[in-house]
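Visitor: With the numbering used here applied, the sequence shown corresponds to residues 3 to 489, in that order.
Ideal Cβ placement from N, Cα and C applies to all residues, glycine included.
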Amino acid sequence: MALVASTPRGSQVVACSSEAAAQGVHPAMPVAEAQALVRELTITPHEPSADRRALERLAEACEQFTPCVALEEGEEPQCLLLDISNLEHLWGSEHDLAAQVEKFFTCRGYLVRIAVANTIGLAWALAHFAERAGSSSTPAEDCKSHFAIPSLPVEGLRIGDDTATLLHELGIKTVGQLQLLPREDLASRFGDDLLHRLDQFTGAGREVLLPHRPLAALQAACALDEPTADRAMLMHVLAQLVERLCRQLSARDQGAVLLVCTLGCSAGRAVPLRIGLVEPSANACQILELIELHLESLTLADEIDRVEIRAAVVGRLDQRQRELFANRWPTEPHQLALLVNRLSSRLGCEQVLRAELRPSPMPERAVCYAPMTERRDRKTRRQRDKEKTIAGLSPCLSSLRPLLLHPQPQSLEVVCIAPDGPPQFVWLEGRRERIVHCAGPERIETLWWRGPSVRRDYYRIATESGSHLWIFRQLTNAHWFLHGVFE
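(1) Under 8 Å, with one C-beta from each stretch per pair, do the stretch 296-316 and the stretch 266-273 reach the 3-pair mark?
(2) Using the Cα positions of E75 and R246, report the straight-line distance between them to the nearest angstrom.
(3) Quick check: the Cα distance between L92 and T68, rounded to an integer number of angstroms?
(4) Which first and last residues belong to the alpha helix (DSSP H) in which A166 is found?
(5) What are the uninterrupted segments assigned as beta strand (DSSP E) that are 3 or more residues long and contained completely in the stretch 259-333, given in chain order?
(6) By the 10 Å Cβ neighbour count, where 16 or more other Cβ atoms means buried, how is G162 classified, buried or exposed?
(7) Among H485, I122, V438, A52, which residue has its Cα nearest to the Cα of G205?
(8) Expressed to the nearest angstrom, what Euclidean distance is found between the alpha-carbon atoms of P29 and P50?
(9) At what residue ranges does the stretch 435-484 contain a whole run of the beta strand (DSSP E), taking only runs of 3 or more?
(10) Is there contact between the stretch 406-418 and the stretch 428-444, where contact requires at least three CB pairs shorter than 8 Å?
(11) What residues in its chain sit with their C-beta under 8 Å from that of H198, if we drop five residues either side in the sequence?
(12) I'd like to check one pair, T165 with L211: are the Cβ atoms closer than 9 Å?
(13) With DSSP run on the structure shown, which of helix, strand or coil describes H408?
(14) For T176, I'd like the list of residues in its chain whose CB is within less than 8 Å of its CB, leaving aside the five on either flank, ordered along the chain.
(15) What are the start and end residues of the alpha helix (DSSP H) that includes W429?
(16) Using beta-carbon positions only, say whether A368 and R356 come within less than 9 Å of one another.
(17) Just confirm the distance between the C-beta atoms of C224 and L243, as a whole number of angstroms; I'd bet it's less than 8 Å.
(18) What are the boundary residues of the alpha helix (DSSP H) that T204 is part of?
(19) So E228 is in the beta strand (DSSP E); what residue range does that whole segment cover?
(20) Should P10 go down as buried or exposed, given a rule of 16 or more other Cβ atoms within 10 Å for buried?
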């Protein structure tokens, strides 16, 4: 049996049975050639829409294993993605759950390949390309040990055919070979899509699983019998709604990251409150406290007749071990998150910021500030080191950069013995000081196609008065500038 479809080159085989494949039939083969190989070949028209509807029915049937079942990306999906996080205890183990899923499909006449992994990309690759003998499923513990990652082909990254062909022409056939190459070279040669897929494969990049049938919205609402402006009454109603919302979140093992609280006024104008959290939370007391802080700075122009609270952005709850000695000083990040939530609710999100590295070789542009309550992906130490390298702050040089950096470099008068040599004397506050120690230069250049070229030689100097400065010479005009001070 073979599925055929009409193409600009004529009718071609799209898929075929194992019996036809054993006789030489393969996808992309002309139908006439396939019929010449197998005289009694059954031809069936390929109907992508019918295949998708059948896969959607299977996705609905798989909701008995997990409430989150999705179809893979693409116009003609062929895989189902099941989120079985924190569900293994219901089936004994992840391996037992995979066996139940395999039995479900086998009883209906399907031949399936199943893999369990920590990321969507790895599970997809293992199900398509991992070599397995005598089994149609890969145990979860084998996937977690990453036994097959280096030997998996680059096609397992879900990249385009053109990219895969180019990688093969360059001699890069496996994921292991690809991971040995510098990321900067891959981005310049293949674009960001290859790195994006590689990060999703390894877990360094975030990938959201969108259920085939969206789950019910995480929200709670209440219409008041009589409009009121009494804040005590509003807090009483909000406490009940928050309790209902937190029960919904806990049932899904999720926590709110962004809450939207809407206060409906009797005049018809609604007052929205956006409450961001540093980490997912389903703690009713904590959420209610943040709402109360927001209400303190809110002036109600009219009475409230309807209250609604909705979890706009959610995340998986983190499991935290309880303290053995409760009276010790709390040093865990959870305590910092609670503090940031309170400060952001009282002062405003734009007033509580965090510093973030940016991929810029210029030190004054290598850092930006963003609200701490904005959702961001957690980064491993290796990722942070890569970001530092991009920004010009490699781990070995990070200690050589000053903590105090002037927003704009300040003009400086310097004396050098040689035209391009190290500095010997510097003028500070109107007096000349001898430089007793000098380290450098460290050259920084910007990319010419991203704006005016910047070329600098940086030096770390110590003067006879004890000042430790970070100065640079502008190579375009030989002018000197003070950029930072070492404390």
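Guide: Concretely, from the data shown:
(1) yes
(2) For the purposes of this step, residue 75 is taken as residue 73 along the sequence shown, with counting starting at 1. For the purposes of this step, residue 246 is taken as residue 244 along the sequence shown, with counting starting at 1. Taking the straight line from one Cα to the other gives about 34 Å.
(3) Within the sequence shown, numbered from 1, the residue matching residue 92 stands at position 90. Within the sequence shown, numbered from 1, the residue matching residue 68 stands at position 66. Taking the straight line joining both Cα atoms gives about 11 Å.
(4) The residue labelled residue 166 in the question sits at position 164 within the sequence shown. Unbroken alpha helix (DSSP H) run through A166: 163-171.
(5) 272-283, 306-318
(6) Looking up residue 162 in the sequence shown gives position 160. The residue is exposed, with fewer than 16 neighbouring Cβ atoms inside 10 Å.
(7) On the sequence shown, residue 205 is found 203 positions in, with the first residue counted as 1. Among H485, I122, V438, A52, the Cα nearest to that of G205 belongs to I122.
(8) Sequence index remark: in the sequence shown, residue 29 carries index 27 (1-based). Sequence index remark: in the sequence shown, residue 50 carries index 48 (1-based). Roughly 15 Å separates the two Cα atoms.
(9) 457-465, 470-476
(10) yes
(11) Here residue 198 is taken as the residue at index 196 of the sequence shown, counted from 1. Cβ neighbours of H198 beyond the five flanking positions: G207.
(12) As a working note, residue 211 is residue 209 in the sequence shown. As a working note, residue 165 is residue 163 in the sequence shown. No, Cβ-Cβ distance for L211 and T165 is not below 9 Å.
(13) Mapped onto the sequence shown, residue 408 falls at position 406. It is a strand residue.
(14) Residue mapping note: residue 176 aligns to position 174 of the sequence shown, counting from 1. Result list for T176: P152, S153, L154, P155, V156, in chain order.
(15) As a position in the sequence shown, residue 429 is number 427, starting the count at 1. Premise fails: W429 lies in the beta strand (DSSP E), 425-430, not in any alpha helix (DSSP H).
(16) In the sequence shown, the residue the question calls residue 368 occupies position 366. In the sequence shown, the residue the question calls residue 356 occupies position 354. Taking 9 Å as the Cβ cut-off, A368 and R356 do not qualify as a contacting pair.
(17) Locating residue 224 in the sequence shown gives position 222, where the first residue counts as 1. Locating residue 243 in the sequence shown gives position 241, where the first residue counts as 1. So it is a contact: roughly 6 Å between Cβ atoms.
(18) For the purposes of this step, residue 204 is identified with residue 202 of the sequence shown, where counting begins at 1. Per DSSP, T204 belongs to the alpha helix (DSSP H) from 194-204.
(19) Taking the sequence shown and counting its residues from 1, one reaches residue 228 at position 226. Unbroken beta strand (DSSP E) run through E228: 221-230.
(20) As a first step, residue 10 is located in the sequence shown; it is residue number 8 there, counting from the start. That one is exposed.
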